[in-house]
Amino acid sequence: MNNLKLTAGLLVLALTGMTAQAEAPSLSYEVTGNNLILTYTGTLLQSADAVNWTEVQSTSSPYKIALSDKKLFFCAKGEDTHNKDITIPLTGNVNLDLIWIEPGTFTMGSPEDEMGRFDDEAQHEVTLTKGYWLGKYEITQAQYRAIMPSNPSEFTGADLPADTISWYGAMEFCKKLTEIEKAAGRLPEGYEYALPTEAQWEYACRAGTTTALNSGKNLSDKEQCPEMDEVGWYSDNSNGSSHPVGQKQPNAWGLYDMHGNVWEWCLDWYGDYPSSAVTDPKGASSGSSRVVRGGSCYSYAYYCRSANRSGTRPDNGYIDCGFRVTLSPVQ
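When you line the sequence shown up against my numbering, it's residues 1 to 331, in that order.
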């Protein structure tokens, strides 16, 4: 916040830290003769008391106003991006696309007659009270290199999902990205980059569906089936390798590769589900394994179902394990 005292009693107030914005607004000025020229990005607001603000209508940057004895305040406000998908610039032409996920209630787990079901998928009602953003794609190797000093991936390719990433490595990526975005003024207040909770992951994966796959279809075979071919890379169509993100059919909310390609780390410790309805669950309080979801290019179809869950040691990195990020309220 900058208070800029000018001639003739004119005061300019510049605000550049508004919340929930993809691009920070800016406001600068110069005095030319008897005119004040404001150069800004975002929406220009003015006030007589710095409390009650109105938008300056029918104007664009630069904005010229005659100096006078009247005191005025100006500010530039960034666009509120809550309820909107956003794109975050990382470096060069590498961006991070985030899909806004509305809060809601869903049934987590699978019905007892679902093909390929495991006993750890007991159905229960989950309510998520806060919206969040989730990566449109799994974090790619280009995105990983933009944030981290080295890329440990076994499969190589800029658009391939980053692999061989431990849970700790994924969390470090999220921490660094949070720091970078905060310094750039793009981090919404009260939010941070993190791994999704297991509930956030399944809620977003399902996108309102109750079937084995987020396409609204069930499996016709546990191992190889055309329904899985539509939405992800798995053992029957991957030729034993991960593939560039975003090539298969997205779900109804615009998320790609939630089934197959690489397993995705979640924030939670792996543990038993609760037996009753829960709100904003964070998983087990302790454990030896962290949750991974979605299956991989090595998995049979039934391991790639929306409800399938597994756990692995957080210090291990596997060739078929990566992650996607969430931009969520601070836990």
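Beta carbons are placed, not taken as given, at the ideal position from N, Cα and C, and that holds for glycine.
I'd like the span of the beta strand (DSSP E) that includes residue i, first residue to last.
| i | result |
| --- | --- |
| Glu264 | Trp263 to Trp269 |
| Ser310 | Arg309 to Thr312 |
| Gly104 | Gly104 to Met108 |
| His124 | His124 to Leu128 |
| Trp100 | Val94 to Ile101 |
| Glu30 | Ser26 to Thr32 |
| Tyr63 | Tyr63 to Ala66 |
| Ile37 | Asn35 to Thr41 |
| Val325 | Counting along the chain, Val325 falls outside any beta strand (DSSP E), and DSSP gives it neither H nor E. |
| Cys75 | Phe73 to Lys77 |
| Pro89 | Ile86 to Thr91 |
| Val291 | Arg290 to Arg293 |
Identify the continuous alpha helix (DSSP H) that holds residue i and give its terminal residues.
| i | result |
| --- | --- |
| Pro226 | Pro226 to Val231 |
May I have the straight-line CA-CA distance separating residue i from residue j, to the nearest angstrom?
| i | j | result |
| --- | --- | --- |
| Pro188 | Ile99 | 15 Å |
| Tyr144 | Gly92 | 13 Å |
| Ile86 | Asp97 | 6 Å |
| Trp253 | Ser166 | 27 Å |
| Val52 | Thr39 | The residue you asked about is not Val; residue 52 is Asn in the sequence shown. Taking the straight line joining both Cα atoms gives about 22 Å. |
| Tyr318 | Glu179 | 27 Å |
| Arg324 | Glu121 | 22 Å |
| Phe155 | Asp320 | 9 Å |
| Val330 | Leu177 | 14 Å |
| Pro274 | Asp315 | 26 Å |
| Arg305 | Pro103 | 22 Å |
| Val278 | Thr129 | 11 Å |
| Pro25 | Gln200 | 30 Å |
| Arg313 | Ser288 | 6 Å |
| Arg117 | Cys297 | 19 Å |
| Ser310 | Ser235 | 17 Å |
| Thr209 | Glu114 | 14 Å |
| Leu219 | Leu90 | 38 Å |
| Asp49 | Ser58 | 22 Å |
| Tyr203 | Cys75 | 39 Å |
| Gly283 | Lys64 | 56 Å |
| Lys84 | Thr41 | 19 Å |
| Leu134 | Pro196 | 8 Å |
| Ile147 | Gly33 | 46 Å |
| Asp119 | Val126 | 18 Å |
| Met258 | His243 | 13 Å |
| Thr326 | Phe106 | 19 Å |
| Thr211 | Leu255 | 16 Å |
| Ala158 | Tyr303 | 26 Å |
| Pro226 | Trp263 | 20 Å |
| Phe73 | Tyr168 | 47 Å |
| Ala184 | Phe173 | 16 Å |
| Pro250 | Ile101 | 15 Å |
| Glu358 | Asp221 | With the chain covering only 1 through 331, there is no way to say anything about residue 358. |
| Cys345 | Val94 | This structure cannot speak to residue 345, because the chain is shown only from 1 to 331. |
| Tyr132 | Arg186 | 15 Å |
| Arg293 | Gln123 | 16 Å |
Could you tell me if residue i is buried or exposed, where buried requires 16 or more neighbouring beta carbons within 10 angstroms of its beta carbon?
| i | result |
| --- | --- |
| Ala170 | buried |
| His82 | exposed |
| Pro149 | exposed |
| Ala66 | exposed |
| Ala142 | buried |
| Lys377 | Shown here, the chain extends from 1 to 331; a query on residue 377 therefore has no answer. |
| Ser285 | exposed |
| Ser276 | exposed |
| Gly295 | buried |
| Pro281 | buried |
| Gln21 | Interpretation of Gln21 is limited by its pLDDT of 44, a score under 50 that renders its predicted location unreliable; no figure is taken from the coordinates. |
| Ser299 | buried |
| Ala207 | buried |
| Gly109 | buried |
Looking at residue i: is its Cβ nearer than 7 Å to the Cβ of residue j?
| i | j | result |
| --- | --- | --- |
| Val291 | Pro161 | no |
| Leu36 | Lys77 | no |
| Ser153 | Thr140 | no |
| Gly260 | Gly216 | no |
| Glu198 | Asp272 | no |
| Asp229 | Asn237 | yes |
| Ala301 | Glu223 | yes |
| Gly322 | Glu138 | yes |
| Ser328 | Ala194 | yes |
| Glu55 | Thr43 | yes |
Ranges of the alpha helix (DSSP H) found wholly within the region 135-200, counting only runs of at least 4: 141-147 and 167-183
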